[in-house]
Ligand code: NA
Ligand code: NA
Ligand code: NA
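Protein chains in written order, with my numbering: chain R, 32 to 406; chain Y, 32 to 406; chain A, 32 to 406; chain X, 2 to 125; chain Z, 2 to 125; chain V, 2 to 125.
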């Protein structure tokens with residue numbers, strides 16, 4: 032119990048330079064959130080979590096998310112058991128308005144096309160030597176949907192949950208950086224200037240029936256998507272039924288906020304440098320970036336393909352919104368359209384492939400899970 | 032991994048017609064909630080839960096509420112362990128105003144009389160061959176209080192929790208259909224027109240002291256009611272103490288909403304047709320209906336009995352509000368009174384037997400639990 | 032199943048006079064909260080919990096917080112596992128403004144000085160024959176911070192959690208009674224009249240960087256404080272970053288309210304007279320009182336010591352706010368200053384040592400935990 | 002995972018052809034969303050079929066007069082409560098969010114209550 | 002459960018007479034609510050006994066003047082803060098719901114603080 | 002614990018000197034808060050060094066005109082939506098608390114969106 036033992040018990044004694052790197056990463060996350068407004072609701076909790084997770088814990092004390100009986104490990108349980116993502120989907124459902132999608136169903140297919148990123152990355156990961164389960168979990172990064180990625184990783188490859196979650200959220204935050212060059216590369220100025228007709232008005236009845244029928248379709252095709260999509264459409268029904276407004280309100284405010292805080296923080300805190308900074312993690316980040324690029328390209332090219340057959344042309348920028356990353360990729364589409372032609376308002380139209388992309392990713396996750404989880 | 036195995040993994044391959052029946056039931060629940068406004072806060076979550084619970088899960092995958100390790104099973108834990116009902120009672124306590132009851136204590140006895148439904152159904156269930164534990168859980172349906180019914184079932188007869196919960200909530204929703212004919216049958220037009228004197232004003236002090244003393248009385252008589260009534264009166268104290276307004280506010284908003292969402296959804300999702308659609312379940316529904324009828328009748332007749340001795344007559348319609356089903360049965364009483372005589376306002380008076388009925392059911396549940404739980 | 036067995040199953044049959052004493056204590060807590068406004072957010076839940084916890088439970092039934100499988104035991108888990116205190120710190124962080132502290136860093140040292148109460152009580156408890164772990168947990172009562180006391184007790188001496196928690200919260204509530212005489216004893220009228228210069232304005236940047244750097248400093252020095260301070264500073268970052276306002280809002284409203292309700296109630300309900308009313312508990316209360324007195328004195332005297340070296344004198348009353356007990360001890364300082372000189376506004380200045388005291392107690396808890404937890 | 006295992010052979014393991022699986026997976030995603038798109042396209046037409054137009058215009062007048070009566074009843078209730086329950090803060094439902102409790106709010110609820118049509122027939 | 006077991010014999014199992022039990026249970030429910038009803042009837046009378054009326058009228062004037070002083074102090078504090086803490090958003094308590102932070106809110110709290118009577122006597 | 006064990010010997014158990022430990026503990030508490038105090042004292046000076054003043058005045062004008070353009074764009078978007086999306090309640094983000102959805106709110110968000118500067122360079 033002398034000065035030396037105090038020092039040995041302190042964090043300073045065990046701090047390695049790789050921890051410092053991770054702490055710097057956490058600070059950068061927070062910096063990007065604060066100054067660039069990149070997905071702050073995710074980057075701030077994750078960033079601070081990364082800082083906390085890289086303070087060297089004292090041996091034998093329940094401090095880190097991996098230490099049995101620690102408070103952080105109880106919070107992390109919701110990540111490991113896959114409980115947080117469906118609750119976040121409940122809240123997202125309670126705040127999502129599917130009207131634009133309902134008024135222009137063609138745009139849904141763009142949300143399907145962007146999922147090509149998922150399966151190409153799956154194949155790429157297999158090629159690089161990951162197990163099929165790991166490859167599936169890595170592929171879903173291309174779904175551009177944090178909760179879906181966390182959910183599938185926790186089921187298929189919990190050992191990769193940290194890097195996959197961080198990669199998914201990082202790229203979602205970087206959507207305004209990643210997508211524009213691809214969008215300029217694959218579209219002509221004339222295409223970017225295509226205006227979309229204002230959508231028709233959607234009736235109350237359609238909105239109420241939609242979540243029920245859409246759930247039945249998705250769940251019967253891919254029961255593995257039942258957990259995520261069940262909650263998403265349940266939340267949406269709470270919103271659209273009009274008679275459960277107070278439940279929808281709580282789901283999209285307190286409930287999703289509480290879960291977001293706990294999920295972001297504990298995912299961040301799971302990135303201890305000693306286990307996180309590996310060649311595998313770097314590979315996952317590379318694959319994730321590729322996945323985003325492929326997904327964006329897939330969406331855009333599919334829009335151009337559809338235009339070959341359609342009389343009323345689709346602005347191919349909308350294809351980029353098919354990757355999910357709600358609502359950031361829709362915003363990026365809107366801004367690019369606006370810069371090209373200040374009277375071209377794409378935001379609402381982009382929301383259709385955007386939410387369709389969420390559904391598409393969840394179906395893809397369900398397919399991967401049911402095929403690989405029972406392998 | 033060919034098309035056939037994909038099909039075999041899909042929900043379509045395993046969907047049976049009894050699942051379709053249950054899905055139709057879920058849709059009807061939602062339809063009644065949306066178009067008739069019958070208890071929408073319960074019927075919408077339960078209805079959507081029923082739909083989700085009847086998608087055939089993939090063998091070996093943690094999907095349903097009964098599959099170990101599934102997200103839905105974690106949500107369902109709060110039902111199985113009896114945790115949600117007391118939390119709902121906390122919120123109800125924080126939104127209940129006991130003033131009318133405090134200003135007219137005679138009406139409390141109507142809330143006691145209606146509990147005769149509980150015990151008669153208990154005897155009926157025993158007669159039909161249910162075990163004493165099962166009979167107790169079925170009897171409490173007559174308490175017309177969803178959380179109480181779920182709580183007692185989870186403690187005494189978890190194997191019947193699904194049908195008991197659905198029966199309790201269904202009949203609570205159908206109170207505006209079930210009660211009026213009975214009310215017309217057992218009352219004369221003259222009785223229905225009896226006006227009640229406006230109640231005296233209740234002092235702040237009485238309101239603060241009430242939850243403490245009422246809890247002590249109930250818990251010392253029937254300690255088994257401690258869990259539910261402890262929370263109910265705790266919530267009420269948070270409300271009435273005036274110094275914990277923010278806690279009361281959270282208890283009756285975010286907290287009760289979150290628990291209502293999770294409870295309703297997971298109770299619904301526990302009704303897989305394969306285990307739910309049995310002769311037992313149908314019997315439970317029949318017994319539950321009988322229980323509601325007996326309880327309503329008991330309340331009304333007891334009011335008429337009291338009138339034999341009272342100078343200031345009670346409107347016997349108020350007896351029907353003694354079954355609980357807060358606040359719907361009080362509303363029904365009010366509407367019947369109003370139709371008979373447009374100047375007869377019974378709503379506030381009906382709240383007294385209504386909340387007394389909640390306390391009465393909880394005491395009954397405590398008595399049944401302590402006698403049968405340690406049998 | 033006759034009348035006698037009913038009576039034997041009732042609470043009346045098993046009620047002892049020591050239960051009645053505890054029930055009276057619970058009523059007094061509520062009375063103090065309602066009439067004197069002493070920490071009502073804590074005393075009302077704890078008080079009602081004490082009443083509930085002293086209803087004699089039925090043998091063999093899962094009713095009390097100590098009975099396996101009871102609802103109250105599940106709620107109490109958050110106390111036993113130390114989960115609630117960090118969540119409360121998250122909310123406190125999201126509502127604390129560190130500006131005054133940032134604008135007058137000298138005052139931070141007062142928050143350190145008051146922690147002398149912690150270590151003196153630790154030595155006193157050891158002297159009286161408590162084990163080192165128990166002594167550490169008792170000492171932290173002097174930190175005047177309920178969540179910190181509960182957290183450390185749950186880690187070091189769960190067997191004393193009840194009395195320590197009750198002592199900590201009681202004395203926090205009694206701060207307006209305990210502190211003034213000490214403040215008058217150790218200060219002259221002239222000292223009490225010292226005015227403080229208005230603090231400089233703190234920039235947004237400083238406020239955002241502060242929680243990150245302060246966390247790193249504290250956690251590297253005493254990793255044992257990582258759990259509590261990680262959450263405190265995380266909450267503060269959510270507040271100050273400006274881009275996560277909705278998360279901060281939920282953390283400081285619904286989330287902290289829900290946890291406060293559950294923590295207060297279940298801590299109260301853990302005080303069954305049969306195990307609570309012991310000589311040990313009384314000793315803990317005496318030590319706790321001493322600890323508060325020492326801490327207050329320590330803060331005041333250290334302020335006077337600093338004044339020997341400072342040109343711009345500190346009002347030594349501010350030292351009393353160093354004990355934490357946020358924000359009550361700051362309020363007491365303000366009121367004493369105001370009574371002495373109606374133009375002397377100390378409230379904002381007192382918030383600096385007040386929040387520094389919270390950080391100081393958490394560091395002290397971390398030091399005690401890491402030294403004694405791995406003993 | 003190790004890089005020594007890198008290679009095309011990973012894509013075709015015994016009993017698992019990754020490329021074929023991916024094509025099928027992609028197909029399912031497309032299929033699911035396509036069916037949803039078709040359903041969305043058809044629904045409005047279906048809804049138009051099931052709800053014949055004339056009904057809505059016919060229903061307007063009686064409902065209106067019905068509503069008027071109910072509004073009058075609701076106002077009466079509200080005034081009654083305002084006069085006889087000076088406390089004014091009885092909660093009779095937990096449907097509203099927030100904590101406003103005025104007689105007028107109660108009136109709103111009464112109205113909603115009436116519109117339930119009160120179990121169809123006994124009431125007259 | 003099976004229907005072969007249906008019958009009156011179920012109501013009287015060894016050591017458990019269902020009818021007697023039900024009567025007792027019903028009695029307990031009635032008993033509990035009856036005691037509550039009696040207590041409610043008696044409480045107002047009890048409260049009237051313990052708090053003699055004259056006190057309340059007597060207490061009005063001093064409390065009022067007390068309150069006046071406190072309101073003045075609170076306003077003074079509020080103004081002081083408004084002038085010297087341009088940030089204006091210091092939170093000094095967590096009692097309020099919602100996120101309004103104006104000097105006037107602080108003033109309200111100060112007022113509440115004073116009304117705690119500040120530990121009875123030292124402060125005179 | 003029992004009182005028979007009371008005594009000074011408890012303070013100096015083998016391998017654990019309570020007084021020395023307490024002094025060190027107290028030192029750590031002081032040390033930690035002292036470092037924080039020092040850091041707080043130094044930070045403003047550091048911040049002043051890293052952000053040279055002239056920049057801020059220079060930056061004002063372009064940003065303003067930038068902002069004007071963005072506000073105009075935002076208003077245009079808002080009007081567009083108001084005219085073409087009669088539903089008016091599309092949610093395009095979940096950043097706001099509360100449930101107000103007017104075209105003007107959307108306009109506010111558009112504005113915020115523009116201020117992200119949209120990935121630096123492709124956009125011109
Ligand atoms: Na996607
Ligand atoms: Na009842
Ligand atoms: Na302290």
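Glycine is no exception: its CB is placed at the ideal position from the N, C-alpha and C atoms.
Please read all numbers here as calculations on a predicted model, not as lab measurements.
Under the criterion of a Cβ to heavy atom distance below 7 Å, does residue 397/A qualify as lining ligand 3?
no
Given 7 Å as the limit, tell me if residue 147/Y has its C-beta closer than that to any heavy atom belonging to ligand 2.
no
Assign residue 328/A to one of two classes, buried (16 or more other C-beta atoms within 10 Å of its C-beta) or exposed (fewer than that).
buried
Whose Cβ in chain Y lies nearer than 7 Å to the Cβ of residue 126/Z?
Here chain Z covers residues 2 to 125 and nothing more, so residue 126/Z does not appear.
Under 8 Å between C-beta atoms, does residue 288/Y make it to chain R?
yes
Interface residues of chain Y facing residue 112/R [CB-CB closer than 8 Å]
Here the neighbours are 100, 102 and 105.
Quick one: any contact between the stretch 348-357 of chain R and the stretch 382-400 of chain R, if contact means 3 or more CB pairs under 8 Å?
Yes: the two stretches touch, three or more of their Cβ pairs being nearer than 8 Å.
Roughly how many angstroms separate the alpha carbons of residue 77/R and residue 297/R, rounded to a whole number?
Distance from the CA atom of residue 77/R to the CA atom of residue 297/R, rounded to whole angstroms, is 7 Å.
With a threshold of 8 Å between beta carbons, is residue 234/Y in contact with chain Z?
At a cut-off of 8 Å between beta carbons, residue 234/Y contacts chain Z.
Relative to the C-alpha of residue 120/R, which candidate in 310/R, 269/R, 401/R and 379/R has its C-alpha closest?
269/R
Going by other Cβ atoms of all chains shown within 10 Å of its Cβ, with 16 needed for buried, is residue 59/Z buried or exposed?
Confidence at residue 59/Z is low in this model, with a pLDDT of 40, below 50, so the placement of that residue should be treated as unreliable; the coordinate-derived value is given next. Flag for residue 59/Z reads exposed.
Note down the Cα distance separating residue 301/R from residue 95/Y, rounded to an integer number of angstroms.
28 Å
Cα-Cα separation between residue 57/R and residue 262/A, rounded to whole angstroms:
C-alpha separation (whole angstroms): 16 Å.
Verify whether the separation of the beta carbon atoms of residue 74/A and residue 204/A is less than 8 Å.
yes
Paired residues, beta bridge with residue 14/Z - DSSP:
17/Z
Contact set between the stretch 75-93 of chain Y and chain R, restricted to residues whose Cβ is under 9 Å from the partner
75, 76, 78, 79, 80, 82, 83, 86, 87, 88, 89, 90, 91, 92 and 93
Counting C-beta neighbours from all protein chains within 10 Å, is the total for residue 67/R 16 or more, i.e. buried, or is it exposed?
So residue 67/R counts as buried.
Determine, using beta carbons only, whether residue 248/Y and residue 8/Z come nearer to each other than 8 Å.
no
Could you check whether the Cβ of residue 30/X sits closer than 7 Å to any heavy atom belonging to ligand 1?
no
Please determine, among 257/Y, 237/Y and 324/Y, the residue with the shortest C-alpha to C-alpha distance to residue 117/Y.
257/Y
Would you call the CB atoms of residue 358/Y and residue 274/R closer than 8 Å?
no
Under the rule that 16 or more other beta-carbon atoms within 10 Å means buried, what is residue 413/Y, buried or exposed?
Chain Y is shown from 32 up to 406; residue 413/Y falls before or after that span and cannot be answered.
Short of 7 Å in beta carbon distance, which residues of its chain neighbour residue 377/A, apart from the five on each side in sequence? Order them along the chain.
227, 346, 348, 349, 364, 365 and 368
Taking 7 Å as the cut-off, is the C-beta of residue 176/Y nearer than that to any heavy atom in ligand 2?
yes
Indicate, with yes or no, if ligand 1 has a heavy atom lying under 7 Å from the CB of residue 185/R.
no
Taking only three categories from DSSP, how would you classify residue 112/A?
coil
Which residue wins for smallest C-alpha separation from residue 92/A, given the options 104/A, 81/A and 82/A?
104/A
Going along chain A, which residues have a C-beta under 8 Å from residue 296/R?
265
What do you reckon, is the C-beta of residue 206/Y under 7 Å from a heavy atom of ligand 2?
Distances between the C-beta of residue 206/Y and the heavy atoms of ligand 2 are all 7 Å or more.
Cβ contact (3+ pairs, closer than 8 Å) linking the stretch 216-231 of chain A and the stretch 129-142 of chain A:
A contact exists between the stretch 216-231 of chain A and the stretch 129-142 of chain A.
Any chain A beta carbon closer than 8 Å to residue 280/R:
no
My parser needs the alpha helix (DSSP H) runs of 4 or more residues fully inside the stretch 188-261 of chain Y; what are they?
As far as the stretch 188-261 of chain Y is concerned, its whole alpha helix (DSSP H) runs of at least 4 residues are 192-204, 206-217, 220-223 and 235-252.
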